[in-house]
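Taken in sequence, the protein lines are chains U and E. Numbering of the first sequence is given in the numbering used here, commencing with residue 1 and proceeding in unit increments. Numbering of the second sequence is given in the numbering used here, commencing with residue 1001 and proceeding in unit increments. Heads up, the thing below is written out as structure tokens.
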Amino acid sequence: MKFKEFICFKATIPALKATDRDGAISELVSALVEAGKLPTGQAKDVTKAVIKRENEASTGMGKGVAVPHVKHPAAKGVIGAVGLSAEGIDFSSLDEQPVYSVILLISPMDNPDKHLQAMENVFKHLQKERFRKFLRQCRTPGELEDLLNEADEKPSW
Amino acid sequence: MVIRPARPAGPGIHAGDGTLGKPVCERTVEIKNALGLHLRPAMKFIDIANRFASDVQVSNGQSTADGKSIMEMGTLAAIYGTRLMIRAEGPDAEQAVDALRELVEVRMFDEPPPEDKTQATK
């Protein structure tokens, strides 16, 4: 499953205002609402659900990336948002290091396979140092969109 | 994607077949929990794999992942019903494979099987 099939390019934030985990999650959920991917009335509930999931086990994978996610009835398909923080955010990561790149995924309740396909793609790219570096360097939504499209088009990149 | 060179996987490899003289143990397991190998199960997997000295590799037939790396395990996209080949190489290879098989097939990552088991998809 390619980035462009689930990442909402209108919900990418090159400089997160939030400096803490919950704030970053809330900011990214709001971006999905503003982009029309989630109903306005659901923002609070989705944010709460992501934080609850995060509290059960951190999605901070180490190497400066986190992939907070949850299954929620408000999601019709897998939808994703991307946020970057130059200062770094504490996600209680595996390696105890700050997180600079956050990929938020909201998946539908009834399609665990689609969720796994999106995860497959996210991890495939995030495990590459070059991709992580380029991701962190993005300064505008346009640059983020270009990078993700490039990753989609060059599977071996 | 394959990070390490692909090994000749298949039924022909058995314990003791290590070319470097290290014990090798392989076993195919099947994902039996409804949600498949999502992040938390993958974390449990690497947690157990990391308790052993042996190298652990997991293959879904298309790609091979380091069984001790969360990011690589995340790329297997193993849904319910997927068969995975677990290959351990090292002094405690057999114990590692036994423990991982128990996690996947017996404990099912401490998660429920599908409500309707007839919906099995490959």
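C-beta: ideal position from N, C-alpha, C; glycine also. Please read these numbers as outputs of a predicted model, since none were measured by experiment.
| Query | Result |
| --- | --- |
| Tell me the DSSP secondary structure of U:Thr59 in three-state form. | coil |
| Taking the DSSP output, what are the residues bridged to U:Thr12? | U:Val82 |
| Pull up the distance between the alpha-carbon of U:Val29 and that of E:Met1043, whole angstroms please. | 25 angstroms |
| Are the C-beta atoms of E:Gly1074 and some chain U residue less than 8 angstroms apart? | yes |
| For E:Thr1064, which three-state DSSP category applies? | strand |
| Looking at the strands, I want to know which residues DSSP matches up with U:Ser107. | U:Lys71 |
| With a threshold of 8 angstroms between beta carbons, is E:Ala1077 in contact with chain U? | yes |
| Measuring straight from C-alpha to C-alpha, what distance separates E:Pro1113 and E:Ala1034? | 5 angstroms |
| Which residue from E:Lys1032, E:Ser1063 and E:Glu1072 puts its Cα closest to that of E:Glu1115? | E:Lys1032 |
| For U:His125, tell me which candidate among U:Asp110, U:Ile103 and U:Pro108 has the shortest Cα-Cα distance. | U:Ile103 |
| Going by the CB atoms, is the gap between U:Met61 and E:Met1071 shorter than 8 angstroms? | yes |
| Taking only beta-carbon positions, decide if U:Pro68 is within less than 8 angstroms of chain E. | no |
| Taking contact to mean 3 or more Cβ pairs, one atom from each stretch, closer than 8 angstroms, check whether the segment 1080-1099 of chain E and the segment 135-145 of chain U are in contact. | no |
| What distance in whole Å lies between the Cβ atoms of E:Arg1107 and E:Val1029, which are believed to be in contact at a cut-off of 8 angstroms? | Actually they are not in contact, since the Cβ atoms of E:Val1029 and E:Arg1107 sit about 12 angstroms apart, beyond 8 angstroms. |
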